[in-house]
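Peer 1:
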Amino acid sequence: DLRILLPRSGGDSNDWQLNPTFGRSWESNAQLVSQGFSFNGRTFDVTDNYHVDYERTTSEIGQTNTATIKAYSEVALDTVSLSLGVPDLSRISDAESEIHVKLGLNYENPAEYDLVDIIHEQDDPLVDPESTSVSIEKIKCNSLTELMCHQFTIQFRIMAPLMSDVLAISAMDIDRRITTTYINDGVEFTGESLLPAETATLQFKRGNQHPVDTIILTQEDRRYNIWSDQHGFVWLKNSYDSWFQMTHADFERLQDPTVTVMTRTNSNFEDMIQHERERAKLVFDAETIKSQVGESFSHAAPVRIDKLSDPIILEKLKVAELAALQYLESHR
Numbered sequence: 001d002l003r004i005l006l007p008r009s010g011g012d013s014n015d016w017q018l019n020p021t022f023g024r025s026w027e028s029n030a031q032l033v034s035q036g037f038s039f040n041g042r043t044f045d046v047t048d049n050y051h052v053d054y055e056r057t058t059s060e061i062g063q064t065n066t067a068t069i070k071a072y073s074e075v076a077l078d079t080v081s082l083s084l085g086v087p088d089l090s091r092i093s094d095a096e097s098e099i100h101v102k103l104g105l106n107y108e109n110p111a112e113y114d115l116v117d118i119i120h121e122q123d124d125p126l127v128d129p130e131s132t133s134v135s136i137e138k139i140k141c142n143s144l145t146e147l148m149c150h151q152f153t154i155q156f157r158i159m160a161p162l163m164s165d166v167l168a169i170s171a172m173d174i175d176r177r178i179t180t181t182y183i184n185d186g187v188e189f190t191g192e193s194l195l196p197a198e199t200a201t202l203q204f205k206r207g208n209q210h211p212v213d214t215i216i217l218t219q220e221d222r223r224y225n226i227w228s229d230q231h232g233f234v235w236l237k238n239s240y241d242s243w244f245q246m247t248h249a250d251f252e253r254l255q256d257p258t259v260t261v262m263t264r265t266n267s268n269f270e271d272m273i274q275h276e277r278e279r280a281k282l283v284f285d286a287e288t289i290k291s292q293v294g295e296s297f298s299h300a301a302p303v304r305i306d307k308l309s310d311p312i313i314l315e316k317l318k319v320a321e322l323a324a325l326q327y328l329e330s331h332r
């Protein structure tokens, strides 16, 4: 049976060996747990406590997903978590949405857990709290031993596309030892957002001879800093929360065929970031803008939203935004 140990006072250099696990023992590296993680029926052994080589799958926005997490811990567990939209490996703290399963000891049967609470940590309702359910089952850790684990089944619905596909699972015991395992390629949630589009309203004056216009902006896809007004023209928002219209000059730069690196893992990504830093300077140097773009109406005319349907153009916008933020940070 599972041993439930009480918290201990004081430190121990080997204390980490008691960390919870979804796969291997931290002390001996033996494979204690089989089928430590599954998502919508795809089951994996966690053979490396830090990550699972999980090939990307897809799931429809709005459908019910089922994630199962099997954990072994010598010390009673406090929380088991599923993190969604993790930007990169090792950045679980920046996840877009997290489902925390809070546990309590069942004092009538200390080897069992009571479900205390389900907590959704998210800025936007990307996971529908009303649709989330959790069940807990005590089962064998693997078919070869009598060692007992607990399996947590989390059912949930995603309501909008996420910025990143990477997932992570975590377990923390009552001594606050924690294990986090990243689900490498993760899950891409596809389909139309079920959340209302974000909107903004601003007053815009084109010149002294023109009246003030009320511009109503809509962000159709939360993954991109692209907004369209009621006339179909494209607007962007900079890091100072100021709005500006995309012109044909901006659009032509995005179509530059020499810029083809689209991921942070590409060996040429840093070169592209440097290239985009130089472009970012244009945002803050009016004389440079004038020398690069000129005064022609064809370059200054705004761009309609239908021009930005190309996914490569959208990814270039994301990279350019990252570069601009880095430029601002380095010149503060």
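The sequence shown maps to residues 1 to 332 in our numbering.
Backbone N, C-alpha and C fix where the C-beta goes; we use that ideal spot for every residue, glycine too.
Bear in mind that the values here come from a model prediction, so they are computed numbers and not experimental data.
Give a yes or no on whether the C-beta atoms belonging to M148 and D78 are separated by under 8 Å.
Peer 2: As a first step, residue 148 is located in the sequence shown; it is residue number 148 there, counting from the start. As a first step, residue 78 is located in the sequence shown; it is residue number 78 there, counting from the start. No, these two residues do not count as a Cβ contact at 8 Å.
Peer 1: By Cβ distance, which residues of its chain are closer than 6 Å to Q155, with the 5 residues on each side in sequence left out?
Peer 2: Within the sequence shown, residue 155 is the residue found at index 155, counting from 1. Within the same chain, Q155 has close Cβ partners T64, T66, S133.
Peer 1: Are the beta-carbon atoms of V166 and F39 separated by less than 8 Å?
Peer 2: Residue mapping note: residue 166 aligns to position 166 of the sequence shown, counting from 1. Residue mapping note: residue 39 aligns to position 39 of the sequence shown, counting from 1. Not in contact: V166 and F39 (Cβ atoms no closer than 8 Å).
Peer 1: Might you give, ordered along the chain, the residues of its own chain that have their beta carbon closer than 6 Å to the beta carbon of T153, omitting 5 neighbours on each side?
Peer 2: Residue mapping note: residue 153 aligns to position 153 of the sequence shown, counting from 1. T68, S135, listed in sequence order.
Peer 1: Thinking C-beta only, is L84 closer than 8 Å to V52?
Peer 2: In the sequence shown, residue 52 corresponds to position 52, counting from 1. In the sequence shown, residue 84 corresponds to position 84, counting from 1. Cβ distance not < 8 Å, so V52 and L84 don't count as in contact.
Peer 1: Based on DSSP bridge pairs, tell me the residues matched to Y72.
Peer 2: The count along the sequence shown starts at 1 and reaches residue 72 at position 72. BP columns for Y72 point to T21.
Peer 1: Below 8 Å between beta carbons: does that hold for A76 and F22?
Peer 2: Working through the sequence shown from its first residue, we reach residue 76 at position 76. Working through the sequence shown from its first residue, we reach residue 22 at position 22. Taking 8 Å as the Cβ cut-off, A76 and F22 do not qualify as a contacting pair.
Peer 1: Suppose you measure from the CA of D48 to the CA of R42; what does that come to, to the nearest Å?
Peer 2: Walking along the sequence shown from the start, residue 48 turns up at place 48. Walking along the sequence shown from the start, residue 42 turns up at place 42. Between D48 and R42, the C-alpha separation is close to 18 Å.
Peer 1: Excluding the five sequence neighbours on either side, which residues of its own chain have a C-beta within less than 6 Å of the C-beta of E121, listed in chain order?
Peer 2: For the purposes of this step, residue 121 is taken as residue 121 along the sequence shown, with counting starting at 1. Closer than 6 Å at Cβ, skipping near neighbours: E98.
Peer 1: Taking 8 Å as the threshold (beta carbon to beta carbon), is T132 in contact with chain C?
Peer 2: As a matter of chain content, chain C is missing from the structure shown, which is built from one protein chain.
Peer 1: Can you grab the Cα-Cα spacing for the pair E220 / G36, in whole Å?
Peer 2: Looking up residue 220 in the sequence shown gives position 220. Looking up residue 36 in the sequence shown gives position 36. Cα to Cα, the separation comes out at about 37 Å.
Peer 1: Once you ignore the five residues that flank L195 on each side, which residues in its own chain have a CB closer than 6 Å to its CB?
Peer 2: Here the question's residue 195 lines up with position 195 in the sequence shown. Counting only Cβ-Cβ distances below 6 Å, and skipping sequence neighbours, we find M159, A160.
Peer 1: Pick helix, strand or coil for E188, following the three-state DSSP scheme.
Peer 2: On the sequence shown, residue 188 is found 188 positions in, with the first residue counted as 1. In this structure, E188 counts as strand in the three-state DSSP scheme.
Peer 1: Thinking just about the alpha-carbon of each residue, which of M163, Q17, I183, T199 is nearest to the one in P87?
Peer 2: Position 87 of the sequence shown, counting from 1, holds the residue named residue 87. Nearest of M163, Q17, I183, T199 to P87, Cα basis: M163.
Peer 1: Can you tell me the Cα-Cα spacing of A168 and D213, whole angstroms?
Peer 2: Locating residue 168 in the sequence shown gives position 168, where the first residue counts as 1. Locating residue 213 in the sequence shown gives position 213, where the first residue counts as 1. Each residue's alpha carbon lies about 46 Å from the other.
Peer 1: Are I215 and T199 close, meaning C-beta to C-beta below 8 Å?
Peer 2: Here residue 215 is taken as the residue at index 215 of the sequence shown, counted from 1. Here residue 199 is taken as the residue at index 199 of the sequence shown, counted from 1. No, the pair does not count as a contact, with Cβ atoms beyond the cut-off.
Peer 1: Closest by CA to E302, which one among W243, W235, D241, L103?
Peer 2: Indexing the sequence shown from 1 puts residue 302 at position 302. The amino acid at residue 302 is misidentified as Glu; the sequence shows Pro. The residue with the shortest Cα to Cα distance from P302 is W235.
Peer 1: How is the beta strand (DSSP E) around Q35 delimited, first residue to last?
Peer 2: As a working mapping, residue 35 is identified with position 35 in the sequence shown. It is not in any beta strand (DSSP E) - Q35 carries neither H nor E in the DSSP assignment.
Peer 1: Just tell me which of F244, G207, P211, Q31 has its CA closest to the CA of N225.
Peer 2: Sequence index remark: in the sequence shown, residue 225 carries index 225 (1-based). If we check each option's Cα against that of N225, F244 comes out closest.
Peer 1: Quick check: the Cα distance between I92 and F204, rounded to an integer number of angstroms?
Peer 2: By one-based count along the sequence shown, residue 92 stands at place 92. By one-based count along the sequence shown, residue 204 stands at place 204. Whole-angstrom Cα-Cα distance: 40 Å.
Peer 1: Taking the alpha carbon of I119 as the reference point, which residue from V101, E130, L105, Y107 has its own alpha carbon closest?
Peer 2: If you number the sequence shown from 1, residue 119 lands on position 119. Out of V101, E130, L105, Y107, V101 has the C-alpha closest to the C-alpha of I119.
Peer 1: With H, G and I counted as helix, E and B as strand and the rest as coil, what does DSSP make of H231?
Peer 2: The residue given as residue 231 occupies position 231 in the sequence shown. The answer is coil: DSSP assigns H231 none of H, G, I, E or B.
Peer 1: Cutting at 6 Å between CB atoms, please list the residues of its own chain near S34, excluding the five before and the five after it.
Peer 2: What you label residue 34 is simply residue 34 of the sequence shown in a count that begins at 1. Only D45, N142 meet the Cβ criterion.
Peer 1: What are the boundary residues of the beta strand (DSSP E) that includes W243?
Peer 2: Stepping through the sequence shown from its first residue, residue 243 is reached at position 243. That run of the beta strand (DSSP E) goes 243-245.
Peer 1: Go ahead and label L82 buried or exposed: buried means 16 or more other beta carbons lie within 10 angstroms of its beta carbon, across all protein chains shown.
Peer 2: For the purposes of this step, residue 82 is taken as residue 82 along the sequence shown, with counting starting at 1. L82 comes out buried.
Peer 1: Taking buried to mean at least 16 other C-beta atoms within 10 Å of its own C-beta, is E96 buried or exposed?
Peer 2: Locating residue 96 in the sequence shown gives position 96, counting from the first residue. Counting Cβ neighbours within 10 Å, E96 comes out buried, since at least 16 surround it.
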